[in-house]
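Numbering follows numbering that gives the first Met the number 0, with no gaps: position 458 of the sequence shown is 457. Some notes on the structure that comes next.
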Amino acid sequence: MSPDESKTGSTSNTGVDTYADAIVAAMAAGGIDHLFFTSGSDIGFFQEATSKARVLGHNNPVRLITVPLEHISLNAALGFAAVTGRPAATAVHVDVGTLHYGGAIHTAWRSRLPVLMTAGYPPTSAPGTLPGSRAEGGHIWMQETFDQNGIVRNYTKWERRLTYQDNPGVVVSRAIQVARSEPQGPSYLSIPKELTFLPMREDGFPSAIELGIPRVGPPNPEDAKEVAERLIAAAHPVCVVSGSGRNPDSISALVELAELLGLAVTESALRAYISFPFDHPLYQAQSTVAEADALFVLDVEVPWAEGRNVAPPADAYIAAAGHDPANLRVPTFEFTANLRISADPLATIKAITEAAKALLTDDDKARIKARSEKLATVSAARIADLITEAEARSGDTPIDPLWLSYQISRAVDDNCIVLDDTLGPSRFSEYLRCRKPLSYIRNPGSSGGWGPGAAFGAKMGAPDKDIICVTGDGFYQFGTPQPAIWAGAHHGAPFLTIVYTNRSYTTGTLAVQNSFGQESYATQSGYEGGYFDPPIDFAAEAASAGAYGENVDDPAEVGPAIQRGLEQIRAGKPAVISVWLKRLIDGG
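Spelled out as structure tokens, the structure:
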């Protein structure tokens with residue numbers, strides 16, 4: 000049953016004979032059609048129930064996607080949800096599979112994406128007493144913990160262990176309802192093995208759609224008018240963005256508002272989605288807001304931070320709006336604002352736009368025109384300087400990261416979705432000229448290694464797009480790429496990964512130098528723990544998993560190698576292009 004169909008009544012029990020059937024039926028009714036599955040003895044019921052639903056011809060059957068590693072499964076679900084806007088689910092093996100989700104649990108929590116994480120719970124019934132009881136070896140006893148759900152409790156909106164008296168369809172529908180309610184985020188359900196064999200006792204259950212997904216409305220009109228007045232009166236108004244681009248319709252709306260008021264649009268300290276066209280004259284990248292006197296902070300978690308951009312003056316007017324404008328998921332949050340608006344970002348943009356149209360005078364329009372022209376000049380100069388800087392390093396060996404970033408930007412077209420899992424030294428995103436909604440998505444958390452799994456999931460969700468994952472070699476290894484590449488090849492979801500291979504940890508080199516100085520003991524010892532040189536042969540590793548792999552050390556071959564990688568994925572084969580760069584600090 001599709002989400003729209005489920006609005007007409009509770010889910011039918013036709014073919015839903017067991018708890019397992021109900022779990023899968025509730026997923027389908029709640030909008031989940033992809034289940035990223037990493038095998039375990041306690042979750043085989045998913046294989047049976049999804050196959051049964053397909054054979055019986057259920058509407059919108061859940062597709063089970065085999066993934067060899069849990070970390071990849073969860074990041075894939077996040078990538079899928081990011082590009083489709085639809086919920087996704089995962090299934091893993093008891094506590095050990097939950098632990099293997101690893102840092103992706105953190106990423107899911109920070110992603111504001113609707114994901115249902117599930118895990119089996121080991122049987123506790125005596126051998127032979129119930130279907131699914133302890134009967135497969137001594138390790139079954141080792142898998143029972145005092146609080147399996149505690150592994151993820153700090154990182155979920157909702158968690159529950161399914162019990163005998165539950166209607167499993169209701170529980171799954173509730174999990175999806177919570178995950179899909181703004182601000183969206185992960186739910187977690189652990190499922191005791193014995194329960195999956197039980198017959199259903201009730202005739203049906205409500206879907207997540209029938210339970211109701213809350214709609215977030217527009218801002219108070221007086222608040223919208225206040226923001227419009229402040230932005231119009233300001234000499235240097237700025238809009239700070241990050242996550243509003245999660246809704247594709249918000250980009251054109253924000254362009255209208257920015258052009259109407261001559262707003263400089265700048266990225267927050269934590270990028271998330273393309274929220275404004277990177278090639279627009281009013282776009283100022285991650286530039287400073289030090290001169291801003293009025294700021295509209297839109298769907299942003301961390302607006303500015305040392306090392307990213309400079310905070311605005313203390314007397315600047317700041318209005319923050321979004322689904323969670325006070326960032327309530329972060330315990331300590333010291334950023335001030337004159338006004339915080341809990342409202343839908345798109346509706347907020349539209350409300351401020353309409354309020355501003357009613358307020359603008361001819362004098363205002365003249366000032367705005369002059370400001371917009373100045374911002375366009377600044378933007379053009381910034382882009383020209385970036386290109387000049389990259390081209391000046393075009394012959395450097397080892398290859399300079401700016402040259403690689405520039406070459407990637409030249410290869411990206413409107414059919415690409417770029418997934419960014421890089422850090423600052425590459426300055427990668429500064430070179431991009433993405434302009435389409437959802438064409439750029441950054442790691443939403445701080446756990447490196449999101450890229451390979453997310454790229455696979457994104458390709459599953461957007462099969463007609465060219466998916467390009469860009470990552471440093473440290474994060475690439477954190478991402479355990481082999482299972483992601485295998486999954487991409489196996490499921491016909493090829494993606495291109497470009498690796499900045501500098502054999503260096505930013506945390507173990509630049510961060511150490513910044514903390515302890517150039518005369519530190521760590522510096523004198525050559526930054527032990529900061530380098531992993533020589534690295535793994537990423538091209539050979541990719542080939543072993545069924546991908547095209549290429550190592551590049553000639554700067555003249557960077558652009559052609561990227562094109563070869565794109566040709567491979569367009570022909571149906573995953574590709575990895577590893578580019579040998581200068582090491583951090585010592586340049587070796």
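Every residue, glycine too, gets a C-beta built ideally from N, C-alpha and C. Computed from a predicted model, the values in this text were never measured in an experiment.
Opening and closing residue of the alpha helix (DSSP H) in which residue i lies
| i | result |
| --- | --- |
| Gly43 | 43-54 |
| His279 | Neither: His279 is in no alpha helix (DSSP H) and is coded neither H nor E. |
| Glu429 | 427-430 |
| Val170 | 167-179 |
| Thr195 | Where Thr195 is concerned, there is no enclosing alpha helix (DSSP H), given that its DSSP letter is neither H nor E. |
| Tyr530 | Tyr530 -> no alpha helix (DSSP H), and no H or E assigned at all. |
| Val254 | 249-260 |
| Pro559 | 557-569 |
| Ser110 | 103-110 |
| Thr500 | No alpha helix (DSSP H) contains Thr500, which is instead part of the beta strand (DSSP E) from 495-500. |
| Ile208 | 207-210 |
Rounded Cβ spacing between residue i and residue j (contact assumed at less than 8 angstroms)
| i | j | result |
| --- | --- | --- |
| Glu181 | His322 | 4 angstroms |
| Ser446 | Ala103 | 7 angstroms |
| Asp532 | Arg502 | 4 angstroms |
| Arg179 | Ala207 | 7 angstroms |
| Ala488 | Ala546 | 7 angstroms |
| Ile231 | Asp395 | Not confirmed; about 47 angstroms, so no contact. |
Residues of its chain near residue i, where Cβ-Cβ distance is below 6 angstroms and the 5 sequence neighbours each way are ignored
| i | result |
| --- | --- |
| Ser124 | Ser132, Glu193 |
| Gly444 | His105, Thr106, Arg109 |
| Ile42 | Ala90, Gly119 |
| Gln567 | Tyr547, Ala574 |
Candidates the options: closest to residue i by CA position
| i | options | result |
| --- | --- | --- |
| Pro312 | Ala336, Gln523, Gly168 | Ala336 |
| Asp298 | Arg339, Tyr547, Asp314, Val254 | Arg339 |
| Asp536 | Gly525, Gly548, Gly528 | Gly548 |
| Ala268 | Ser438, Val301, Ser514 | Val301 |
| Ser385 | Lys368, Ser404, Pro397 | Residue 385 is actually Leu in this sequence, not Ser. For the residues Lys368, Ser404, Pro397, the minimum Cα distance to Leu385 belongs to Ser404. |
| Leu401 | Leu580, Asn326, Ala574 | Leu580 |
| Ile212 | Trp140, Ala174, Pro218, Tyr282 | Ala174 |
| Glu372 | Pro451, Glu258, Gly423, Gly29 | Glu258 |
| Trp157 | Asp395, Ser172, Asn166 | Ser172 |
| Tyr18 | Pro121, Val114, Pro198, Thr49 | Pro198 |
Residue i, DSSP secondary structure in three states
| i | result |
| --- | --- |
| Trp579 | strand |
| Pro236 | strand |
| Thr352 | helix |
| Tyr520 | helix |
| Leu34 | strand |
| Gly216 | coil |
| Arg392 | coil |
| Ile535 | coil |
| Arg200 | coil |
| Trp157 | strand |
| Arg441 | strand |
| Ser132 | coil |
| Leu68 | coil |
| Thr7 | For Thr7, the predicted structure reports a pLDDT of 33, less than 50, and the residue's modelled location is therefore unreliable. The matter cannot be settled from this model. |
| Glu266 | strand |
| Arg434 | coil |
| Val288 | coil |
| Arg409 | helix |
| Pro2 | Caution applies to Pro2, whose pLDDT of 38 falls short of 50 and renders its modelled position unreliable; the model cannot decide the point. |
| Val329 | coil |
| Arg152 | helix |
| Arg229 | helix |
| Gly602 | This structure cannot settle anything about residue 602, because the visible part of the chain is limited to 0 through 587. |
| Arg381 | helix |
| Tyr504 | coil |
Cutoff 7 angstroms; reference residue i; Cβ partners in own chain excluding five residues on either side
| i | result |
| --- | --- |
| Asp3 | Here Asp3 scores only 42 on pLDDT, less than 50, and its place in the model is too uncertain to base an answer on. |
| Leu129 | Glu193 |
| Leu98 | Ile150 |
| Ala521 | Val511, Phe515 |
| Gly96 | Thr37, Gly39, Glu69, Ala118 |
| Ala271 | Ser241, Gly242, Arg441, Pro443 |
| Glu143 | Pro121, Thr123 |
| Ala233 | Asp292, Ala293 |
| Ala227 | Ile351, Ala354, Ala355, Leu358 |
Boundaries (first-last residue) of the beta strand (DSSP E) holding residue i
| i | result |
| --- | --- |
| Ala293 | 293-297 |
| Gly548 | 547-551 |
| Trp485 | Per DSSP, Trp485 belongs to no beta strand (DSSP E); it is in the alpha helix (DSSP H), 480-489. |
| Gly119 | 114-120 |
| Val469 | 465-471 |
| Asp420 | 415-420 |
| Pro451 | Pro451 -> not in any beta strand (DSSP E); alpha helix (DSSP H) instead, spanning 450-460. |
Proximal residues to residue i (C-beta, below 8 angstroms), its chain only, five neighbours per side dropped
| i | result |
| --- | --- |
| Gly586 | Pro397 |
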